[in-house]
Amino acid sequence: MIMQRTNRRKPEELEEILSNTEKEIHCYVISHFEEIPAMTIRTLAVNTYANTGTIMRYCKKLGYSGFEEFKIHFQNDMKDLNYDSFLIKNSEDTIHVINKMKQLYEDVVSKSNQLLSVTQLDRIVDKISKVTYIDFIVYDANTAFAEYASHYFFLIGKVCNVYSDIDKQIQFASIADPKDHLVIIISRSGSTKRIIKIAKILHKRGFYTLLMTQRYTTNISIYCTECIAALYDNNFDKMGDCIFYTSVKYLMDCIIQVYYTKYYNQILQTVKQYNEHFFGIDD
Numbered sequence: 001m002i003m004q005r006t007n008r009r010k011p012e013e014l015e016e017i018l019s020n021t022e023k024e025i026h027c028y029v030i031s032h033f034e035e036i037p038a039m040t041i042r043t044l045a046v047n048t049y050a051n052t053g054t055i056m057r058y059c060k061k062l063g064y065s066g067f068e069e070f071k072i073h074f075q076n077d078m079k080d081l082n083y084d085s086f087l088i089k090n091s092e093d094t095i096h097v098i099n100k101m102k103q104l105y106e107d108v109v110s111k112s113n114q115l116l117s118v119t120q121l122d123r124i125v126d127k128i129s130k131v132t133y134i135d136f137i138v139y140d141a142n143t144a145f146a147e148y149a150s151h152y153f154f155l156i157g158k159v160c161n162v163y164s165d166i167d168k169q170i171q172f173a174s175i176a177d178p179k180d181h182l183v184i185i186i187s188r189s190g191s192t193k194r195i196i197k198i199a200k201i202l203h204k205r206g207f208y209t210l211l212m213t214q215r216y217t218t219n220i221s222i223y224c225t226e227c228i229a230a231l232y233d234n235n236f237d238k239m240g241d242c243i244f245y246t247s248v249k250y251l252m253d254c255i256i257q258v259y260y261t262k263y264y265n266q267i268l269q270t271v272k273q274y275n276e277h278f279f280g281i282d283d
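Position 40 of the sequence shown, counting from 1, maps to 40 under the UniProt record's numbering, and the rest follow consecutively.
Here it is as structure tokens:
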């Protein structure tokens, strides 16, 4: 089904209804779909070693009234395809991969939104407003995301540190003053032993900790003040890691943007000072 054009076929249905010749035409069309609007039916027939009658039957099986409607709408329709599964297949056409990624992002954001508690979000933002430091406890790929988020926390006036080495994590957890810090832990599994060790120290010393992981109840969450669940699928073909990081980014962006709105004028002043100091400009 194609959004807003309900008579169009899903990609999964075409395998069953197209003849072998039509499948060859379809492969050519998918590979050259950006060129289709400029083609005539005879040009497409010549390029696919078919006749114009076969081209017409192919267009109608896709759900178009004829070739003219096909060439007018096909390019845009291809970019609005909807799929039964996000599963990436072997040697899949580029346009299908692009469309699946688009649909996956939309689906992840929608489902992450459903999991998010507005009350919890306001509670976290209120705590952020009361501390000077935002500290990330992460490792591996989560470090890159923490660095991304730290940029925005600095812009809203917080001193942000990213701790990815176990020795620095232990040192921080052992000697920092809990009263002026909010610690964000990102752990996909929620059961990593080294993170559990740090979480125990933070919990014992009274830190406010926010855990972002795939479930509300994990081996780490019992030691954390707040837990936000992010989506995850433990399947490489279904882009499980991409799902998790997309979900985490959306949830973190929500936290940052809510903080922006609540402390808007204060943040504008902070950003202005930043620009003046580092870029020598006023806005």
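We put the beta carbon where it would ideally sit given N, CA and C, even for glycine. Note that the structure is a prediction, hence the values are computed from the model and not measured.
C-alpha of Tyr223 to C-alpha of Gly157: approximately 27 angstroms in a straight line. At the C-beta level, Gln214 and Phe244 come within 8 angstroms of one another. For Tyr133, the uninterrupted beta strand (DSSP E) segment begins and ends at Tyr133 to Ile137. Of the candidates Leu62, Gln273, Lys179 and Ile186, the residue whose Cα lies closest to the Cα of Glu13 is Leu62. Leu210 is classed as buried because its beta carbon has at least 16 other beta carbons within 10 Å across all chains shown. Taken in chain order, the complete beta strand (DSSP E) segments of 3 or more residues contained in the segment 196-265 are 208-213 and 226-229. The three-state secondary structure of Asn161, taken from DSSP, is strand.
In summary, Ser247 is buried, with 16 or more beta-carbon neighbours lying within 10 Å of its beta-carbon over all protein chains present.
Ser164 sits away from Thr192, with the two beta carbons spaced by 8 angstroms or more. Contact between Phe136 and Ile186 is confirmed by a C-beta separation of about 7 angstroms, below the 8 angstroms threshold.
In the three-state reduction of the DSSP assignment, His181 falls in the strand class. By the CB criterion at 8 angstroms, Val258 and Val125 fall inside the cutoff.
For a cut-off of 8 angstroms, the C-beta gap from Ile95 to Lys71 is around 16 angstroms, too long to register as a contact. Around the CB of Tyr232, 16 or more other CB atoms lie within 10 Å, so the residue is classed as buried. Straight-line measurement puts the Cα of Val271 at about 18 angstroms from the Cα of Ile255. With respect to Ala50, Ile25 sits close: the two C-beta atoms are nearer than 8 angstroms. If the five residues before and after Arg188 are omitted, its C-beta is found closer than 7 angstroms to the C-beta atoms of Thr213, Gln214, Tyr232 and Phe244, all from its own chain and listed in chain order. With contacts defined by Cβ atoms closer than 8 angstroms, Asp93 and Ile30 form a contacting pair. Counting only residues of its own chain and dropping the five nearest sequence neighbours on each side, Val131 has a CB closer than 7 angstroms to the CB of Asp180, His181 and Leu182. Residue pairing by DSSP places Ile186 opposite Met212 in a beta bridge. In this structure, Ile198 is the residue among Asp177, Ile198, Val97 and Tyr105 with its C-alpha nearest to the C-alpha of Val138. Annotation: Asp167 to Leu155 spans about 28 angstroms, alpha carbon to alpha carbon. A residue is called buried once 16 or more other Cβ atoms fall within 10 Å of its Cβ, and Gly190 is buried on that count. Between Phe67 and Met56, the beta carbon gap of about 6 angstroms places them in contact (Cβ cut-off 8 angstroms). The alpha-carbon separation between Ile196 and Asn219 amounts to approximately 7 angstroms.
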